[in-house]
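Before any comments, here is the structure.
In the working numbering, the protein residues as written are 3 to 1093.
Listed below in structure tokens is the structure:
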């Protein structure tokens, strides 16, 4: 005989069996079942096959003269006894290890059903495709009576359902119809109960729960159908794969058959409990169908747990229920199956209408019996509870989703009334709901431990249920399943639970240990989150508990923060590599959630104190966008930026040194403009928090504020944000600061104010702000823009007139440049752009003063004023008068100039000198003998040096020594040094261009002459200035000039140079000896003696 290509799953001859869900099956080479863990172990089971074979032989004798294939239902009690005894003997023989008492019942059912399905296939063909052939062939021919009665006897509705739904659709429907017909004939209570059990199992069935044996049965039956449909094709070996199993479940095809079966057997449902069971099945079908009509509403996790707990309670108290003796895990698992019913496909309207009408008729027919049963406290059972829950659910769904068909709507309306009437008459205490909190907690932990269907939802309840927290079982469950709680929402709920427990009076040692353990678990779960999820937790912590984070919830959290704080930042400061950056993010993420305020302040202090770390620390902070948080201030719609408030509190008042301020500024810049991530701060945030509160002339941080504003305005971004910062009031604030500089030296000296050098920073910020506003002009309505410009014009009308010139680009065509009337006397100003303004301080002869002040405003206005200046150069008297007036105006203007304004004035002087409009006579009283030198390249430099000398002679005269305070003299001294230093640089530039000419020695002599002149002028100015701290810049300037002269002194090796150099050195020494300042004189003489 040819050997079967299929292994014998019941043979014990060296067969390797596979453990799948504690069921031993053979390795079948042509069955591909992924994700199955295999463990091979030889087991001898030929004795079981012999016993089973013997049972069927005895049954055949008892059935004689009929065969088992003709067995009637009434014959089974006698004929089926040896079969059941054989199975019992096999199941109690413990021939396999570990013992599996029900395995052979399952194998027998599979073998018998496959034998029936393949009964029409000849044996010489069947052995090739039937994996069960070797055992089924030893069993006599049977009919469906044997199969159905065996399932009933072993009470296996779930197995029946799995095998039924594993069949091809057409075969499934055929087999189910045969089953319904079978139970409908001479229906016994056992038939009805099994029928309802099968129906209920079909409703709970889920694809993917089948074990290896069911899948093997599926393969065999599908192969049989495939070969039957392809008789003209060569036989193919069937291989299991994704395409072999139908995608759509046959559930929707079998439900109509079941409802029809119920119509047939309804009169045989004698007990009220059975009627509740049948009605619940029918109602579940209708509820599922209605779910397809409209969106289903999922039970909340809390309601879900309570429902499962109620089911478990009912099963535990009901000795007739098959699950009453099961442990809690098994009960919860089965109860969860009953909560997740199948997904229905839409049936025909006629089918739905028929089921609704059928349900209505049953409720009317059975309502009186049902009410008696449902109101009897002694009869409370799972079936009654399920019926009431199903009816309540159906009623709610019918209200939420009304049918479109009129007839169906009419039936539904009547059905709703009947259901409402029935539910109203049922006493709440007989409903069967459980409110045992301890059981709900135990059920939740089982679901989480076993990772059942809705375990993630249950984790949410578990995390927030305060009455369960910190119990021994609760903490153990959290420890065991901590990976399930690695979710931002769950961590926040755990933290809320911790917050509620801190007020507990239980301070026992055990309680503290549990708290500590819980803290560690929560931090571990948080640490495993991705960075975006960590930020969700941080955002939740800030919103719920504020700046101190979770450290204020429990001592264990605050202690943890202190432990990790210093360790983390010591490691961070030591290294700044890419790998360390990731570790730094991880360490800081824990600190931030523990105490956001403490972490930010620590980082801020480190960024200021440790040179070069500001960018690295800013990048770390920018990894936590959740810190961009608006902190409420106890009033509606009033909040402050949390991060900026922490920065102010931590370092704002301790920024004393320029390097610290520089570090702070760069730190802010990197927070607004990080290199590798999104910014943590926006320019509007910075302006609101760090600019507006301190933008006052008497603020000690005004200079720092202006530097911050400068950085914020330069951040490249969409500049529409400017509208959120009250831009026109901000412009006016800067204008007010500028106005203060116009009266700078007339203000009380003891008044807190910024330095005059800050004026340039104000001007720069104002210009930037105006440019940004002009770019964003189109984003505002023309009406709003006009109103804003008019408001600004009105506000600055009381300020110095030069400020209007600075914001003229904002005024545009709305307003002209408003200047003193006397400016029109020296300039030819176009009337369409310029207009006069009544200013009492600008009387006759003040035109040049106004002209110079206008030149100081901006480079563009300076050039415009030079072009529009009106002077007749052919009139010597007019040029001479202009030159004298210019000197007077210069003395009046330059003490109030900033450095950039002073440089503009110097440029004006140079332009006027080059155009020979300005006449500056200069004498050479310091030189006794002047060789013939070419001083034309240095004419401007000598003239400017003399002009400055004349200006200081005027300024330091008897009429001017008392009209400026001490600080003003220091300022003009610095401006003089700046002007002469720039002049010195210009001289060096010219010298570099001519130094390598043929007349090198003459160039050296000319340069020496220029340096000597500048040196003498500088010392002259130094002698005139009051001794109020002006010495140092003048000393440095003099030393710089001498250093340049010394270089020429060493280079001059021409004939006769020795005498000339000696004369020059003697001359310089005689000049220096007249310097009254001893320190300045000593240092200059020391320098000269080195020549």
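Even for Gly, the Cβ is constructed at its ideal location relative to N, Cα and C.
Residue 777 sits exposed, since fewer than 16 C-beta atoms from the chains shown fall within 10 Å of its C-beta. Of the other Cβ atoms in all chains shown, 16 or more fall within 10 Å of the Cβ of residue 214; this residue is therefore buried. A residue is called buried when at least 16 other Cβ atoms come within 10 angstroms of its Cβ; residue 135 meets this threshold and is buried. Under the DSSP assignment, residue 686 falls in the alpha helix (DSSP H) whose first and last residues are 685-688. When secondary structure is reduced to three states using DSSP, residue 66 falls in the coil class, being assigned neither helix nor strand. In this structure, the alpha-carbon of residue 719 lies about 21 Å from that of residue 666. Shown here, residue 572 sits in a helix according to DSSP, grouped into three states.
As summarised for the segment 890-978, the continuous alpha helix (DSSP H) elements at least 4 residues long and confined to that stretch are 901-916 and 941-957, given in chain order. For the pair of segments examined, the segment 439-447 was found not to touch the segment 382-389: the number of CB pairs separated by less than 8 Å stays below three.
In the DSSP assignment, residue 819 falls outside any alpha helix (DSSP H) and lies within the beta strand (DSSP E) extending over 819-822. Cβ-Cβ separation between residue 713 and residue 765: approximately 16 Å, too far for a contact (criterion under 8 Å).
Going by beta carbons, residue 149 and residue 105 fall outside the 8 Å limit.
The Cβ atoms of residue 687 and residue 623 do not sit closer than 8 Å to each other.
As DSSP reads the structure, residue 632 sits in a beta bridge with 643. Straight-line measurement puts the Cα of residue 711 at about 15 Å from the Cα of residue 650. Between residue 189 and residue 74, the C-beta gap is not smaller than 8 Å, which leaves the two residues out of contact. Scanning the segment 736-770 for uninterrupted beta strand (DSSP E) segments of 3 residues or longer gives nothing; none is fully contained. Rounded to whole angstroms, the Cβ separation of residue 640 and residue 595 is 26 Å, and the two are not in contact under 8 Å. The residue among 857, 969, 109 and 729 with its C-alpha nearest the C-alpha of residue 808 is 857. Residues of the same chain with a CB within less than 7 Å of the CB of residue 970, apart from the 5 flanking positions on each side, are 747 and 897 in chain order. Close CB contacts of residue 270 within its chain, under the 6 Å cut and outside five residues either way in sequence, are with 189 and 194 (chain order). By the Cβ test, the segment 975-988 is not in contact with the segment 914-921, since fewer than three Cβ pairs between them sit closer than 8 Å. About 5 Å separates the Cβ atoms of residue 797 and residue 734, confirming a contact at the 8 Å cut-off.
The alpha-carbon of residue 288 is positioned some 15 Å away from that of residue 416. About 16 Å separates the CB atoms of residue 536 and residue 547; that is not less than 8 Å, and the two are not in contact. Runs of alpha helix (DSSP H) with 4 or more residues, each lying fully within the segment 482-521, are found at 490-503, listed in chain order.
With contacts defined by Cβ atoms closer than 8 Å, residue 904 and residue 980 form a contacting pair. Secondary structure of residue 1086 (DSSP, three-state): helix. For residue 838, the uninterrupted beta strand (DSSP E) run begins and ends at 836-839, by DSSP.
Within the DSSP secondary-structure output, residue 829 pairs in a beta bridge with 871.
DSSP, reduced to helix, strand and coil, places residue 382 outside both helices and strands of the structure shown, so it counts as coil. By the neighbour-count criterion, in which a residue is buried when 16 or more other Cβ atoms sit within 10 angstroms of its Cβ, residue 751 is exposed.
Residue 1054 sits in coil when the DSSP states are folded into three classes, being neither helix nor strand. In the structure shown, the three-state DSSP call for residue 886 is helix. If you check the CB distance, residue 493 and residue 449 do not come in under 8 Å. Residue nearest to residue 644 within the set 318, 279 and 690 is 690 (criterion: CA-CA distance).
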